[in-house]
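Enquirer: Supplied in structure tokens, the structure appears directly below.
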């Protein structure tokens with residue numbers, strides 16, 4: 581299995597960013613854009629961004645950008661391996677990944 585398509589909004593960085601285009605080329609994936617001004621077409625990402633804001637970015641006072649960066653990886657690990665998700669019947673996202 582591989583990533584075949586990546587759906588993004590129409591932000592300048594996604595439309596014209598060299599790093600994005602290179603990453604997609606490396607994956608061999610096609611880029612699809614949501615319809616302008618229709619964020620509900622990218623609802624899973626929008627919901628993740630909201631959770632990221634409320635549970636990580638704005639939950640603590642960070643004294644520096646480095647402190648904020650240092651806190652991200654542990655939060656993502658917890659989000660993916662321990663945090664219960666109602667859409668997955670109370671299981672974490674890792675439960676949906678097959679072992680390789």
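Residue numbers (our numbering): 581 to 680. Even glycine gets a Cβ: it sits at the ideal position worked out from N, Cα and C. Remember, it's a predicted structure, so these values are computed and weren't measured experimentally.
Taking the alpha-carbon positions, what's the residue 593 to residue 599 distance?
Expert: Distance between the alpha carbons of residue 593 and residue 599: 9 Å.
Enquirer: Can you tell which of 584, 588, 655, 678 has the C-alpha that lies nearest to the C-alpha of residue 619?
Expert: That would be 588, whose Cα lies nearest to the Cα of residue 619.
Enquirer: Helix, strand or coil: which one does DSSP assign to residue 630?
Expert: Helix, per DSSP.
Enquirer: Hey, out of 585, 648, 621, whose CA is closest to residue 605's CA?
Expert: Nearest of 585, 648, 621 to residue 605, Cα basis: 585.
Enquirer: With a threshold of 8 Å, are at least 3 pairs of Cβ atoms found where one atom belongs to the segment 633-648 and the other to the segment 608-625?
Expert: Contact between the segment 633-648 and the segment 608-625 is absent, because fewer than three Cβ pairs lie under 8 Å.
Enquirer: Is it the case that the Cβ atoms of residue 629 and residue 613 are separated by a distance below 7 Å?
Expert: Their beta carbons are not under 7 Å apart, which means residue 629 does not touch residue 613 by this criterion.
Enquirer: What is the DSSP secondary structure of residue 601, counted as helix, strand or coil?
Expert: Residue 601: helix per DSSP, three-state reduction.
Enquirer: Looking at the unbroken beta strand (DSSP E) that takes in residue 585, where does it start and where does it end?
Expert: 585-588 is the span of the beta strand (DSSP E), which, as asked, contains residue 585.
Enquirer: Does the Cβ-Cβ distance between residue 672 and residue 663 come in under 7 Å?
Expert: Taking 7 Å as the Cβ cut-off, residue 672 and residue 663 qualify as a contacting pair.
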